[in-house]
Structure formats: C-alpha cells, structure tokens
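Quick note, the sequences are listed as chains A and B, same order.
Heads up: the first sequence begins at 73 in the numbering used here, then just goes up one per residue.
Heads up: the second sequence begins at 54 in the numbering used here, then just goes up one per residue.
Here the structure is laid out as structure tokens; the discussion comes afterwards.
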Amino acid sequence: MTQTVFIEAINHATKEEMRKDSNVFIMGEDITLSVYGATQDLLSEFGDTRVLDTPLSENGFVGAAVGASLVGKRPLVETVSSFMWVAMDQFISQAAKMRYMFGGQAKLPVTFRVSMLYGSGAAAHHSDRNYPMFMNMPGMKIIVPSTPADAKGLLKTAIRDDDPCIVFEDGNLYGTRGEVPDDDDHLVPFGVASILKPGTDVTIVAIAGGVIHALAAAKELESQGVSAEVIDPRTLVPLDKKTILDSVEKTGRLVVVDPAHKVCSAASEISSIVAQEGFWSLQAPIQKVAAEQVHIPYSQALEKLIYPDKDKIISAVNNTLES
Amino acid sequence: MDINKDILVLMLERMWLIRNFELKVMEVHSAGEFAAAAHPYIGEEAVAVGSCLALKDTDYIAGNHRSHGHPIAKGGDINRAMAELYGKVDGYCKGKGGSMHLADFSIGILGESGIVGSSVPVATGAGLASKIGGDDFVSMVFFGDGASNQGACHESMNLASVWNLPVIFLCENNQFAVTTSFKDTVAVDHVSDRAAAYNMPGVLVDGQDCIAMYEATVQAVDRARKGEGPTLIEGLTYRYEEHSLGLGRVRRGEYRSQEDIDEWKKRDPIHIHQERLISQGILTTEDCKKIEDDTMKRCEDAVEFARNSEFPKPEEVFEDMWANPIPLP
Ligand SMILES: Cc1ncc(C[n+]2csc(CCOP(=O)(O)OP(=O)(O)O)c2C)c(N)n1
Ligand SMILES: [Mg+2]
C-alpha cells in the first residue's frame, strides 16, 4: 500500500496497463504534456505511436477509438464530460450499439476516461455530470470511482474489459489521497459496491464526488447518535443492487446522493429499484439528494447551492428518521 | 494497368450478383415478405465492385445504409445477407441488424451504418490500428454525397491526413441524398475537390466503369500501404431506383427527370463492362448470359435459404449485448 493522490493512481494504472499490453494506446487533447494531469510521462515512456495528441475532433477521435478497438487494439481515450456532447453520435450509434446490432460479431475493448470538472466556477459549459444519460443507453459500462484505490483498480479492469467502458472521474476528487495497493494486478471488479462505513439506522448510497459529502455527513450523524451506512456502488452499469437492497433491509431507510441533475439521475434509478424490490423493508420515503434541475451558474454564490453537500444529506437523513 | 483476366470476370460476376440480389430484394419486398427499409444499389455496382476487388481479404471496409452492394462486392455470403433482411437467425447479425447493418468481421466487413456519415470515423480508427500496430492492412469507407457534408467525414479526413493513416475515403456520388441534389448542398463542384483542404489526393472517377474504380483504388491502396496516407476517391454514379423501397409511394412531386434517368442508364455499369469483355474476346455473349443466369439462380437460392431459416427465439433478444456479460438491471 502506498499513499497516492487520486489523479496519480489513474496515471499509474495507465502506465501499468500500457506496459503489460502493447495493444493499449492512449489518445486525447493535450495529453503528451499532461494538461489535465493524469497523463504525465506517458510520452517519454511509450513514444508518440502510443500516446497521441488529437485534433479538436471529439466525434472523429471517439469514433477512431471505436474502430481501432474493433480490429484488435485497446484504446484509452481521455476527454472531458462536457465535450462528449459533440461526440454523442460515435458514443451512442457506434460504441454502444455496434456489438448487439452486428449480432455479437464486434468486440470493443475501448475505455473512455472522462473528467467532470464541476464545482469551481466552470459554469454551464464545463460542469457536466452526465453519467446518467449514458446509463440510459444500453451497451456501455459506467464507472464512477470515489477513492484513489478504486480509481486505479477500476480503470485497470476497464482497460482489460472487452466492452466499451466510460470512467467518469470526479474532478473534485483528483487531489484526494488514499492507500492504494502496489500490486500490478490490483483489479476492482465491476458490479461490486463497497461499504465505506457500516451502520444500522439509515443507508446512504453516494456516487462519485457525493461520497466524501456522505462520509462527512455520516461522521456528524454518528456524533448525534445516528448510525449511517455509506455505500459507494463504484460502477453504475453494472449496478450492485443486492448490496443496496440488503442494506436497506437492515436499516429501513434510504438516502441517495448524486451530483448529477436529479431528473432521471442515477439516484432516480437506485430509488426506483429499492421502491420496487425493497418496498417492504422501507420505513420511510426514499430521499434523493441530487443536483438541482437548473444549469450550473458561474458565481460561487450560486453554484454552491446546486450540488449535494453534507448539510443537505444530514437533513435528508433526518427526514427519513422523522417519519 | 494490366488486370488479370480472372479479376475482370469476377468484376462482372460480382456486379451481376449485386444487381440480381437487389432485384430479388425488390420483388420479395413488394410481395410483403419483409417490410423494413432497404436501399437498392442498382446502377452503382461498379463503384463497390471495382474498389473492393482492389483490396485483400485482410483489409477492412465499412459502409452506409445503401448497404447490400458493399458486402457482396467484398465477397460476403448472399445467403446470410438475405436471411438478415428477413430477420432470421442465420442472418449475418442473427436478425438483430437488418438491411442497414450487414457485417462480416471474418472477411473484414466492419459493418454498414444507418446513421449517415457515422461509419467514417470508425473506418478511420481501423486505419489508425494498422498504423499503430505496424500492420499491412488498409481500411476503406463508403459514404454518399449527402454524407460528405457530415462533420464526421471532415474530422476523419483531417485526422487521417495529419496522422498519415492507411484509409481510403470512397464517396459514392449518386447525385442525390434522398431527393436533394448534391449540387444544392455541396459548395464545391466535386466532393473530391475537398481533398485539397486535407492535403490528400482527391480523385474523380467514372463510377460507372469498374475498371476505372479498380485502378483508382489500387493506387490509393498502394499509397496507403506504403505509409503515404489517405486518399479521397469520388465515384460519379447514379441510383436507378427510389432512395429506399416504398418511398415512391409517399413522395410528393419529382426531383429528377425521366430523361436524366434514361441518360444515365445508357451508361449502365454492367453493360459497359460486359461489352468490353466481349470486344476483347475475354467472354462471349453466351458466357455473359450464363453469369447473369447463374447469379440470379444464386439469389433465388438465397431467398429460399432466408425463407427456410428460423426466426430468432425470444430469449435471444437478451444475447449479444456484451463480450464480458453483466446481469440485466
Ligand atoms: C444522421 C442522419 N441524418 C439523416 C438520415 C436520413 N437519411 C438516410 S439516407 C439519407 C440520404 C443519404 O444520402 P447519401 O449520403 O448521398 O447516400 P445515398 O442514399 O445517396 O446513397 C438520409 C438523409 C440518417 N439516416 N442519418
Ligand atoms: Mg447520394
């Protein structure tokens, strides 16, 4: 185990997988000089055939990654959540649909690393937390790490997986630290949630950057005599619903924390699963704590009102305890 | 260019195979044997056949909604293609893709695309893989004059050029996108003129002449294999039929004249090649007739094959989503 910063863990995972398999290559905008922070020293180690700065053509290079994956490469693409919009056709019409549409002939071992840079005045065009939209479309595995160890282990699993994977990286976590296994084969399996803090009174399921707020809320609640269980699903597709349902069976209460917009969010999906499959365990209405259904305003005075935070989570927990 | 006699004959055979396949498709479609959209390639056969015969089996192609000609030209199995149109389990995609998504990865057919322009980046990526791996294969993508206005095409041509990728961009200019003339939507005289913007050769070819298509593609492939980068080829051609089967019934008004259609039909790609082979003494009129009849017979057999194939079973709706499967939500 080594104390590692989240974004370094991503860098380490990338290097290890590129060393292990010469079919892995990476492309993106301004990656050779690591402008977004996760790709440093890749060029010097792997050279410019496997580390490619792309033109500003997201639709073009997302599609090129798909095509390269079809014929035996394992492309890793770095981009930003808000730039996915201009590449939607290639994500949806090709990456997601191709295997099924062609009756299982296509294999697409392609991984997209997408940073979500919200919460620091980036305003509406640079603050998207758009993973729920990709959950809605079958065909892509959706990964949302919240710790450095998971960021590394999930990315490595994604690169080795034979299906299109999108790793949504929460920019607010990039600077966080944690213990990361040194093992080259530290793989975190998809579809296995992690219970970050056990508890008995209420279940808090939190996604991506929502996790640190949930843990802070749980700590404060503990001092008030409320025992919260905090669960991080880690992957949304596939989703480990069993761990969530088992927890709700024990606690009878559910709060879902999701930095995405609240309508048709990951929180909506998790809430609906528990409402349908765990209804008889519930002792109080499910609470969704998600981003308000407005665009992301620039001013710090306004932006901080939008996302889930510790206080909103505590008040949602208290709502479930009152009923 | 000295072209092997076997290839010259194969050109004729593949063109007849496409034409007869499409004639059969039109027949069974109007008889109601299947109802979904299909886009006939009749009139454009020389474009796919001439270009595909310049490729090796290990080279890749990707295409578009006008989708039957490309796989047949590359040597695809017409039984499996026809069964796919019928939505049957022996179809290329086990009934999950249909007319617009024929694919045969085993012989380098990376699939047709229903979204116009959408397969161009994908084919470019296959070229990128070839370059990264130091491989010998090239990638060729078919797209229409309409698709040439898609950003995906422009992004891909630029990408392929700056990275020197072994890609052949093959624009099938059949003069129209559904009912809209390319003259009204393309700002230059020829799609191939756009190659200049991407610093690659742009080659304007008579798309009714399979030998011209073949020669232009051989050159582009040669260039690509030598690591000299992509080429844009524009085949000037014409679609004889409606944009898609059944469209004539809903369309209000005309967008092209009968004289135009008749004029183009005088330069029928099969006729041109057949006359040439006869005049060069390579085939006799009887030989040509035999090829026409034999390919028609094969297409009739393909229809029988498709009719006799089973529909997929209900549980198959959940199959083929993942290479490493995950539980359904
Ligand atoms: C992105 C997109 N826009 C519109 C359509 C509807 N559409 C299908 S084929 C077609 C015309 C395409 O024209 P062209 O690229 O010239 O190919 P052609 O049909 O002439 O072979 C249109 C508009 C589509 N399938 N995809
Ligand atoms: Mg056209």
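The beta-carbon is built from N, C-alpha and C at its ideal position, and this holds for glycine as well.
Contact test: residue i Cβ vs ligand 1 heavy atom, cutoff 7 Å
| i | result |
| --- | --- |
| A:Ile79 | no |
| B:Asn227 | yes |
| B:His296 | yes |
| B:Ile168 | yes |
| A:Asn131 | no |
| B:Gly204 | no |
| A:Val346 | no |
| B:Arg304 | no |
| B:Asp198 | yes |
| B:Ala230 | yes |
| A:His258 | no |
| B:Arg292 | yes |
| B:Arg309 | no |
| B:His154 | no |
| B:His118 | yes |
Rounded straight-line distance, which links the Cα of residue j to that of residue i
| i | j | result |
| --- | --- | --- |
| B:Arg309 | B:Asp259 | 20 Å |
| A:Glu402 | A:Ala347 | Because chain A in this structure spans residues 73 to 395, residue 402 of chain A falls outside the shown range and cannot be described. |
| A:Ser396 | A:Met188 | Absent from the model: residue 396 of chain A. The displayed extent of chain A is 73 to 395, so no value can be given. |
| B:Thr232 | B:Gly204 | 21 Å |
| A:Ile103 | A:Gln112 | 8 Å |
| B:Ser183 | B:Ala277 | 10 Å |
| B:Asp262 | A:Arg201 | 52 Å |
| B:Thr338 | B:Leu330 | 9 Å |
| A:Ser116 | A:Glu150 | 18 Å |
| A:Thr219 | A:His258 | 14 Å |
| A:Pro357 | A:Leu326 | 8 Å |
| B:Asp346 | B:Asp237 | 40 Å |
Contacts around residue i, its chain only, beta-carbon distance under 8 Å, and the 5 residues preceding and following it disregarded
| i | result |
| --- | --- |
| B:Ser245 | Cys224, Gly255, Val256, Leu257, Leu285, Ile286 and Glu287 |
| A:Thr121 | Phe97 |
| B:Leu298 | Val78, Met79, His82, Ser83, Ala90, Ala91, His92 and Pro93 |
| B:Glu353 | Lys77 |
Three-way DSSP call (helix, strand, coil) for residue i in this model
| i | result |
| --- | --- |
| B:Leu257 | strand |
| B:Ala115 | strand |
| A:Gln359 | strand |
| A:Gly282 | helix |
| B:Ala359 | helix |
| A:Thr219 | coil |
| A:Ser299 | coil |
| A:His84 | helix |
| B:Ser172 | helix |
| A:Leu114 | helix |
| A:His197 | helix |
| A:Ile103 | coil |
| B:Cys146 | coil |
| A:Val134 | helix |
| B:Gly85 | coil |
| B:Ile131 | helix |
| A:Arg146 | strand |
Distance cut-off 7 Å: residue i Cβ against heavy atoms of ligand 2
| i | result |
| --- | --- |
| B:Gly122 | no |
| B:Ala99 | no |
| B:Ala91 | no |
| B:Ala240 | no |
| B:Ala249 | no |
Any C-beta of chain D under 8 Å from that of residue i
| i | result |
| --- | --- |
| B:Phe158 | The chain inventory of the structure shown lacks chain D, comprising the protein chains A and B. |
Sequence-distant residues of the same chain with beta carbon closer than 6 Å to residue i, five excluded per side
| i | result |
| --- | --- |
| A:Gly271 | Ser299, Ala300 and Glu301 |
| B:Leu336 | Leu330 |
| B:Pro174 | Ala205 and Ser209 |
| A:Lys382 | His285, Ala288 and Ala289 |
| B:Val274 | Ala107 and Val191 |
7 Å CB neighbourhood of residue i in its chain, flanking five on each side removed
| i | result |
| --- | --- |
| A:Tyr379 | Gly191, Pro331 and Ala363 |
| A:Tyr370 | Gly193 and Ala195 |
| B:Ser171 | Ala205 |
Residues of the segment 235-258 of chain A with a CB closer than 9 Å to any CB of chain B: list them in chain order, please.
Asp235
Under 7 Å, CB to CB, which of the residues in the segment 193-204 of chain B have a partner in chain A?
Gly204
Could you please tell me which residues of the segment 360-382 of chain B, in chain order, have their CB closer than 8 Å to any CB of chain A?
So the close ones are Glu372, Asp373, Met374, Trp375, Ala376, Asn377, Ile379, Pro380 and Pro382.
Positions along the segment 136-154 of chain B whose CB lies within less than 8 Å of some CB in chain A:
Gly144, Tyr145, Cys146, Lys147, Gly148, Lys149, Gly150 and His154
Got a sec: which bits of the segment 289-305 of chain B sit with their beta carbon under 9 Å from any beta carbon on chain A, in order along the chain?
none
Just by C-beta distance, which residues in the segment 139-154 of chain A are closer than 9 Å to chain B?
Answer in chain order: Gly139, Ala140, Ser141, Leu142, Val143, Gly144, Lys145 and Pro147.
Contact list for the segment 162-189 of chain B against chain A, Cβ threshold 9 Å
Leu163, Gly164, Ser166, Gly167, Ile168, Gly170, Ser171, Ser172, Val173, Pro174, Val175, Ala176, Thr177, Gly178, Ala179, Gly180, Leu181, Ala182, Ser183, Lys184, Ile185, Gly186, Gly187 and Asp188
With 8 Å as the limit, tell me which residues of the segment 173-201 of chain A have their beta carbon closer than that to any beta carbon of chain B; keep them in chain order.
Met173, Phe174, Gly175, Gly176, Gln177, Ala178, Lys179, Leu180 and Pro181
Report the residues of the segment 203-232 of chain B with a CB closer than 7 Å to any CB of chain A, ordered along the chain.
Gly204, Ala205, Glu208, Ser209, Asn211, Leu212 and Val215
Residues of the segment 84-115 of chain B in Cβ contact with chain A at a cutoff of 9 Å, in chain order, please.
Tyr113 and Ala115
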